[in-house]
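Residue numbers (my numbering): 131 to 388.
Think of the CB as a built atom: it goes at the ideal place given N, C-alpha and C, for glycine as much as any other residue.
The block underneath contains the structure these notes are about, expressed in structure tokens.
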Amino acid sequence: MRFWFATGLGYKSMVKEVVSPTLWMCWALTSVVVALAGPFGTFDSRTFLWRLAYWSVLIAAAIVIAIFFRAVWRHVFKGRSETYEDIAVAVSLSIVFAPMIAFLNWIVGGPDAYLVMDVWSGMVCVLAIAAGIITFRRVVRESVAFPKAAPARDRLLDRLSIDKSARVARVYSDNHHVRVIMSDGSQHRLLMRLRDAVVEIDVEPGHWIHRSHWVSEAAISCVKQADGRDVVELPCGNVIPIGPKYRPNLVEAGLLTA
């Protein structure tokens with residue numbers, strides 16, 4: 131549940147999109163265009179300023195709801211094709227937002243406004259608009275895509291005879307050595323200090339969990355409590371206790387609540 135609230139990753143993802151200046155410039159332009167068009171019978175029955183205020187609020191609400199759904203479905207479909215996420219966002223938005231539009235139109239325009247656009251026709255409209263926006267966004271993104279640069283590589287991996295696409299999952303102290311665990315499960319042993327090894331992990335994002343253990347963000351399944359203390363759970367099911375010294379860093383990263 132930490133994903134959804136306060137300092138969770140989902141919350142941070144939503145905030146990042148909500149504060150985007152480009153997003154709200156598009157919102158302002160769209161609001162003016164829709165207000166000028168006056169859809170669903172509002173052109174003849176309402177003034178331009180009324181239409182501008184009304185549709186600005188509705189479009190802003192649609193944007194926030196869509197961002198929320200995108201954060202939710204991005205988490206649910208993590209690791210799958212983005213197509214699943216896009217379809218889920220469009221369908222969810224039509225189910226939730228269309229009834230809101232129909233209800234508000236009925237409040238401000240009475241039964242006649244509801245006849246112009248009921249819930250079902252509203253769902254079709256919202257679904258079509260959402261699908262169009264998603265398709266347009268994909269076309270634009272693909273048209274400006276640049277050739278991918280060669281993937282960056284942690285300096286620590288230059289000490290190991292491994293594939294260039296390998297990623298560090300975690301490292302920990304092993305007497306005077308460090309044990310390097312890769313994302314594919316392979317293990318390697320190096321004669322060096324753990325602190326020096328972590329300094330050489332300069333690409334893969336991760337965190338000190340304990341004075342003897344560093345774990346990449348990708349290798350953290352969840353953070354939970356076990357036997358009265360906070361622990362990090364790994365994909366293999368093992369847990370690592372979080373040292374008090376390193377707890378603030380995990381709070382700042384949104385993996386723990388203060």
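Inter-residue Cα distance where the pair is residue i and residue j
{"i": "Ile372", "j": "Ala349", "result": "15 Å"}
{"i": "Tyr214", "j": "Thr265", "result": "13 Å"}
{"i": "Asn368", "j": "Ile217", "result": "35 Å"}
{"i": "Trp344", "j": "Tyr302", "result": "6 Å"}
{"i": "Leu386", "j": "Leu324", "result": "24 Å"}
{"i": "Val269", "j": "Gln355", "result": "44 Å"}
{"i": "Leu166", "j": "Cys366", "result": "57 Å"}
Sub-8 Å separation of residue i and residue j beta-carbons
{"i": "Ile370", "j": "Ile339", "result": "yes"}
{"i": "Arg286", "j": "Ala327", "result": "It is worth fixing the name first, because residue 286 is Leu in this sequence and not Arg. Yes."}
{"i": "Leu380", "j": "His337", "result": "yes"}
{"i": "Trp157", "j": "Ala201", "result": "no"}
{"i": "Arg377", "j": "Asp357", "result": "no"}
Top-ranked residue by Cα proximity to residue i, from the options
{"i": "Met312", "options": "Arg377, Val164, Arg297", "result": "Arg297"}
{"i": "Trp203", "options": "Leu223, Ala191, Leu386", "result": "Leu223"}
{"i": "Ala383", "options": "Arg359, Gly358, Cys366, Val353", "result": "Val353"}
{"i": "Ser342", "options": "Asn368, Trp180, Pro335, Arg300", "result": "Arg300"}
{"i": "Ala220", "options": "Val254, Ile189, Ser291, Thr177", "result": "Val254"}
{"i": "Met322", "options": "Glu272, Val329, Val308", "result": "Val308"}
{"i": "Ala183", "options": "Ala201, Phe233, Val164, Arg200", "result": "Val164"}
{"i": "Leu234", "options": "Leu188, Glu347, Ser346, Arg267", "result": "Leu188"}
Whole-angstrom C-beta distance between residue j and residue i, which should lie under 8 Å
{"i": "Arg283", "j": "Asp304", "result": "In fact, because the Cβ distance is near 23 Å, the residues do not count as touching under 8 Å."}
{"i": "Glu363", "j": "Ser351", "result": "5 Å"}
{"i": "Gly252", "j": "Ile231", "result": "5 Å"}
Open item on the list: I'd like to know if the stretch 188-207 and the stretch 224-232 are in contact, where contact means that at least 3 CB-CB pairs between them fall below 8 Å.
Closed with: yes
- [ ] Would you be able to state if there are at least three C-beta pairs under 8 Å between the stretch 205-212 and the stretch 251-263?
- [x] no
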